[in-house]
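Enquirer: Protein chains in written order, with this note's numbering: chain A, 1 to 344; chain B, 345 to 950; chain C, 951 to 1243.
Before I ask anything, here is the structure I am working with.
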Amino acid sequence: MTQVATLPDPVEEVAAPRGRSGAGAWALWLARRLGLAVLTLWLVSILVYVATAALGDPVRAILGRDYASNPGRVAQLEAQLNSDQPLVQRYFSWLGGLLTGDPGTSLANQQPVGELISANVVNTLVLVLLSAVVMIPVAFLVAMVSSHFRRRRPDAVIQTVLLALAGLPEFVIGVLLVALLSTTVFQVLPAVTLTGFGGRPWDSPESMVLPVLTLVLAVAPYVSRIVRSTLLDVLDSDYVELARLKGIPEPVVMRKHALLNAIVPGVQVIALQLAWLAGGVVVVETLFSYPGVGLQLVDSVRNHDVPMVQALSMIIAAVYVVVNLVADVLSILLTPRARTAISS
Amino acid sequence: MTTTADQQDEQGAVRRGAGLVVEGLGVSLTGRERAGTDVVEGIDLVLRPGEVVGLVGESGSGKTTVGTSLLGYSRAGAVISSGKVLVEGRDVLTMPWREVRQLRGEEVAYVPQDPASALNPSIRIGKQIVELQTLRGIGTTASRLQGARDGLAEVGLPNDDEFLRRYPHQLSGGQVQRVALAMAFLPKPKVLVLDEPTTGLDVTTQAMVLETMAGLCRTYGVSALYVTHDLAVVANIADRVAVMYAGQIAEIGDRRTIFASPSHPYTRALLDSIPHLSQARALTGIPGRTPAPGARPGGCRFHDRCAFVAEECRTTEPELRSVGPDHDVRCLRSEDIGRWDISRGTVPDADPDQPREVVLSIEGLDVFYGRKHVVHDVSFDVGKAEVVALVGESGSGKTTISRCVGGLHREWTGSISFDGTPLAKGARKRSAADRKRIQYIFQNPYLSLNPRLTVEQIVTRPMELFGIAKGREATDRAKVLLDQVALGPAMLELQANRLSGGERQRVAIARALAAEPDVLICDEITSALDVSVQGSIVALLEGLRIERGISMLFVTHNLALVRSIAARVEILQAGRVVEAGSVVSVMDSPAEDYTRNLLANSPRID
Amino acid sequence: MSAVEETPGSTPAGAAQRGPAPSPGFWTRARRQPRFVFGLVVTVLVVVFAVVAPFFAPFGENETAGAPFSPDGVFGTDYLGQDVLSRLMYGGEAILLISVLGTLLGMVLGVLIGVVAAYGGGWWDEVIMRLNDVTLAFPQILLALVVLTAVEQPTAWIIVLLVGVSHAPRVARVSRGVALGIVSRDFVVAAEALGERRSRVILAEVLPNMSTPLLAEAGLRLTYSIGLVAALGFLGFSADPGSANWGQMIQENRLALSTQPWAVLAPVAVIAVFTIATNLMADGLAQLAQRGE
């Protein structure tokens, strides 16, 4: 640490923090972050639209070999997709529809997209929230246990197991769990959620176990590793060393000094993983036939059902952006340095 | 500053038998590869109540390890393997764990080195100060709070509610360090261990912190171990001094004795490499480098670098033996090496009236960082073969100005001219000829060389860029340059990350010289180096100045160093030139209060 | 200013982390990392298996070897009666090739973007990273699915492109982070002061000092690539539906999990082993990066 770089000029007294009159500065900062999030979502919508509408011919994709032999159908689909209008115009009318709550009509079964997805959105949210609620304490607990045994055998074993799990694709974990608990080794849990479309999977809770377990096992290892690594960094830091040299008992050092400073990076990685879950549900839902947006998305892609895909992608992307925004705000709130920097 | 024996007895009535005794302390490394290697060994120390003992050493000496061992603490990777640390007769190293924890903070307290990272950034300082007492259940909330307020007042800090509610990052470096002092003194410990607590602080704050500490020790009869690399600081506050080298105590004794007649060659060499405020000196260094644990030579550990080495030194390891009242030395030849005088190596100051030919001229320089105006209307010039020092505390703008001259910072107005022609603002916009003539040497040698490149690649690159030489011819020139900076030609093939700090800085100098410049900008190039290494670098620069007629712009915060290296000096504060002139006139008869304060607060040996 | 560690080769307890120890060669250090060695060995084994095994397959890729889901042969037969072991041997090449190419593409694009953003700084940095955030808002599989909506039959190259493009923003973020740490170091500033060309500064000063963290990131990306390509196969979006494909085999034979599990478990096991190995390798590299430069 150089003399020039780290310390402020000691001759000039550091001004007192300004306290609650910084509320105005807060509002400004929040507004900027929100604006940025909205901008990102808008750019995402452009990307989604262009990717689905301009990269290939969805009509050809839908009809496949029937394209040549069924001009009536072709015309019908093209009218639905407004293929005669220029791209930009189509985009804006789609966007307008989205913002006013009308995301279009499904090409596959000619029903309004909104009705088709609403129940599934709820189902997926339940799945994701349940997984998050289980994952967070599990990951933290494992990280704390591991860092307690740092550099000894239990820590190395735990870390290797976590590392192995972290690399496995989520459907591999899912299939292995199905084989283990449902079909081959033990036969305690159902392999597939049997709720039909529009139903509520939590009415038969045993069918939720495997999907939730799969998601937890897919996400928790990475979070746990990062939390452990942060904990170790903090435990090695100068102020923790000083706390020990002051004679403070170890559990208090862990709790008060170490955890407090490890939470912020923890929050960030949890947010990252929750956002990842938004994409991870796609495969897991397909595997377990769970009636959520993921399964619906895969079906829609198979059917080349463009409006459905567009709407579902926007939902998933929106979840991602919102989760990141919340994580940003939380990390600033929890870091005194950043907090005071904003309010002054 | 020292209390007399009578005063000690008075104050220490309650504390009879207090103080701390260290016997035969040894710390060794753990871990697969180097288990058993000793970091320090055979340390014997006595700390009497109310006295300050300075533990001095360069990096690799083991001084910090000794300091933390007094609390029964060793960092990860090391373990205290032998010896005793006796506090009031009880051995800290054999106490049950719970008692050691009790001891820490209450009887033996610790003040750490780095103020910024010593406090938990997420907890307000009011809470942190009383944390220990809250945990031990000492007193009531109200009494603890009052104690905290009193403690803060004692170290000269405000103690109102607003201050207590601050977070550490809202305090300046000096304030944080004083909070750490207050925290350490709150439970009124018997022994205080301070680990270089003032490095990184500027001179004025350092003086304040030291004075506070000495005052508190006197008032409460606390014995203190002050670990540092800075002999000048120790000369002012310590009662006794111990000098460490390569894990052992080389010399220990009363402060006056050590500075008046140092008897270990290492101590003498250290004292020879320290500049004085009152008179210029020809600084020297110590050849070679400090051995790491496990790589220490047999016989006397210093023998491979010693100017007085004899055959017996290579084979026999010397014991610490007494050469006078309260003066012990670990050297076989301490009687044979003659007397030593503090005014050795004195040379005449640079002649202020020497005719000068201006080479570099800065006029009306204003520098900005974005919208912040950091340097205001600075003007000065540099003559041929002349060293001009830019001196100031942190934030004074000295580095900023030097970066502008070097073309590393572009937001400035005014004029910088070399040999009459104005220079463009950024290095990229300057002509190759201009870039070649001014070369920049950075402060941190660990960051200024590409660790992946070999020394040869680093030193020959400027030659290729400026069309001076290529291929074989460039390599030959590189060998000559390395020789001039006292590095062997074998260094050419080494990757930069294999070199020590001093060696890297020499390579940086060689790289600068490879461009055959007329001006060298040296940005605190010795601040990151050990004192003895600094001495040799300064000697090298002086040689270059005389032989090649190179001018230098030397940026530093160390006033004593300025005396020995520069002819003219610009004193900067908050971006303005406060005083300027020849080194002799500014330092012997300063006109401004700021300069006077700086001189008064700089710790002096002479 | 506290004096910097004067002695190289030592990291004594208590020394601040300012002076890096001199590094023995990359391979010497790498060999001592158990994770890296194990991961590398197993990865190479799987790669060799995928490339060489087709020459030793007992049956052809689409050859009927018996009744569907019968237990004949090492792993039995699949839903069409094809021999599972043989299909396993044929099924790796596609995944391997696409994953490796996709990772390469993602790394090259991502590093370029990240380093230019870090080096350029200021405005450049802002704009590039904002655009990057937009692509980051897509979970990787979502991007692939969205593009595949409009495509009738994906070719191998499209999938490679999708994998690469979905990796690029993540790699860009990581490499920008690493590059930022290097670009501000004095030796880069020194090169600028000498007047070196910008391209030379990036190639000769910045990139070589990023090699180990970038290798670690590449290992990680490879792990994700394999997962992504296998997942796409599982969902039914592979380049050549008829040919053997580990991910697709899982989907094809799922129904018989209770009766003929090996048709599913064999490809699952291979994918699992492959991804675990690459992940271990990547982690070993990451540890090297932390300890070394």
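In this text, a Cβ means the ideal position worked out from N, Cα and C, and glycines have one as well.
Using 8 Å as the threshold, is the C-beta distance between D778 (chain B) and V703 (chain B) below it?
Expert: no
Enquirer: Does the count of Cβ pairs from the stretch 490–510 of chain B and the stretch 529–540 of chain B closer than 8 Å reach three?
Expert: Yes, the stretch 490–510 of chain B is in contact with the stretch 529–540 of chain B.
Enquirer: Where M931 (chain B) and T549 (chain B) are concerned, what is the direct C-alpha to C-alpha distance, given to the nearest angstrom?
Expert: 20 Å
Enquirer: Output, in chain order, the set of chain C residues within a Cβ distance shorter than 7 Å of S313 (chain A).
Expert: In chain order: L1092 and V1096.
Enquirer: May I ask you to verify whether the stretch 1103–1119 of chain C touches the stretch 1038–1058 of chain C, counting CB pairs closer than 8 Å and requiring at least 3?
Expert: yes
Enquirer: Work out the CA separation of V322 (chain A) and I1048 (chain C) for me, nearest whole Å.
Expert: 33 Å
Enquirer: In chain A, which residues lie with their C-beta within 7 Å of the C-beta of R448 (chain B)?
Expert: L245, K246 and G247
Enquirer: Using Cβ-Cβ distances below 7 Å, what residues of the stretch 725–748 of chain B are close to chain C?
Expert: The stretch 725–748 of chain B vs chain C, Cβ under 7 Å: nothing.
Enquirer: Is H720 (chain B) helix, strand or coil when you go by DSSP?
Expert: strand
Enquirer: Can you confirm whether G24 (chain A), when its beta carbon is compared against all beta carbons of chain C, has any partner nearer than 8 Å?
Expert: no
Enquirer: Can you give me the Cβ contacts of L373 (chain B) inside the same chain, cut-off strictly under 7 Å, excluding the 5 residues immediately before and after it?
Expert: Around L373 (chain B): A379, T381, V383, G421, A422 and P637.
Enquirer: Measuring alpha carbon to alpha carbon, tell me which of A:D203, A:L107, A:A220 and A:V309 ends up nearest Q76 (chain A).
Expert: Relative to Q76 (chain A), the option among A:D203, A:L107, A:A220 and A:V309 whose CA is nearest is A:L107.
Enquirer: What's the call for Y239 (chain A), buried or exposed, on a 16-neighbour Cβ count within 10 Å?
Expert: With 16 or more other Cβ atoms inside 10 Å of its own Cβ, Y239 (chain A) counts as buried.
Enquirer: List the DSSP bridge partners of I785 (chain B).
Expert: B:C866
Enquirer: Taking the alpha-carbon of G736 (chain B) as reference, which of B:L903, B:A854 and B:S880 has the nearest alpha-carbon?
Expert: B:L903
Enquirer: Would DSSP call D328 (chain A) helix, strand or coil?
Expert: helix
Enquirer: Could you tell me which residues DSSP puts in a beta bridge with Y589 (chain B)?
Expert: B:Q592
Enquirer: Give the residues from the stretch 454–474 of chain B that approach chain A closer than 7 Å (Cβ to any Cβ), ordered along the chain.
Expert: Y454, P456, D458, A460, S461, A462, L463, N464, P465 and S466
Enquirer: Along the stretch 171–185 of chain A, what residues have a CB closer than 7 Å to any CB found in chain C?
Expert: F171, V172, V175, L176, V178, A179, T183 and T184
Enquirer: Would I226 (chain A) pass as an interface residue toward chain C - the criterion being a Cβ-Cβ separation below 8 Å?
Expert: no
Enquirer: Distance check for L1111 (chain C) and T1105 (chain C), CA to CA, integer angstroms please.
Expert: 10 Å
Enquirer: Mind checking which residues open and close the beta strand (DSSP E) that includes F898 (chain B)?
Expert: S895 to T900
Enquirer: Would you mind sorting R434 (chain B) into buried or exposed? The rule is 16 or more other CB atoms within 10 Å of its CB.
Expert: exposed
Enquirer: From the beta carbon of A1180 (chain C), is the nearest beta carbon of chain A less than 8 Å away?
Expert: Yes, because at least one Cβ of chain A sits closer than 8 Å to the Cβ of A1180 (chain C).
Enquirer: Would you mind sorting P934 (chain B) into buried or exposed? The rule is 16 or more other CB atoms within 10 Å of its CB.
Expert: Sixteen is the threshold: when 16 or more other Cβ atoms of the shown chains lie within 10 Å of the Cβ of P934 (chain B), as they do, the residue is buried.
Enquirer: How many Å lie between L621 (chain B) and E914 (chain B) at the Cα?
Expert: In this structure, the CA atom of L621 (chain B) is about 16 Å from the CA atom of E914 (chain B).
Enquirer: Reducing DSSP to helix, strand and coil, say where Q514 (chain B) ends up.
Expert: helix
Enquirer: Classify Y713 (chain B) as buried or exposed, calling it buried when 16 or more other Cβ atoms lie within 10 Å of its own Cβ.
Expert: exposed
Enquirer: Residues in its own chain within less than 6 Å of G879 (chain B) by CB, not counting five upstream and five downstream?
Expert: If we look at G879 (chain B) and ignore the five residues flanking it on each side, its Cβ neighbours are S617, L627, T628 and G629.
Enquirer: Rounding to the nearest angstrom, what Cα-Cα distance links L1247 (chain C) and G1070 (chain C) in this structure?
Expert: The structure shown does not extend to residue 1247 (chain C), since chain C is modelled only from 951 to 1243, so the question has no answer here.
Enquirer: I'd like to check one pair, R981 (chain C) with L1230 (chain C): are the Cβ atoms closer than 8 Å?
Expert: no
Enquirer: For G750 (chain B), go through chain C and note every residue whose CB falls closer than 7 Å to its CB, in chain order.
Expert: The CB of G750 (chain B) comes closer than 7 Å to the CB of A1143 in chain C, given here in chain order.
Enquirer: Take T409 (chain B) as the anchor and find which of B:Q477, B:A590 and B:V444 has the nearest alpha-carbon.
Expert: B:A590
Enquirer: Got a sec, what are the start and stop residues for the alpha helix (DSSP H) F171 (chain A) sits in?
Expert: E170 to V178
Enquirer: May I have the straight-line CA-CA distance separating V326 (chain A) from L990 (chain C), to the nearest angstrom?
Expert: 39 Å
Enquirer: Check this for me: beta carbons of R312 (chain B) and V397 (chain B), under 8 Å apart or not?
Expert: Any question about residue 312 (chain B) goes unanswered here, given that chain B covers just 345 to 950.
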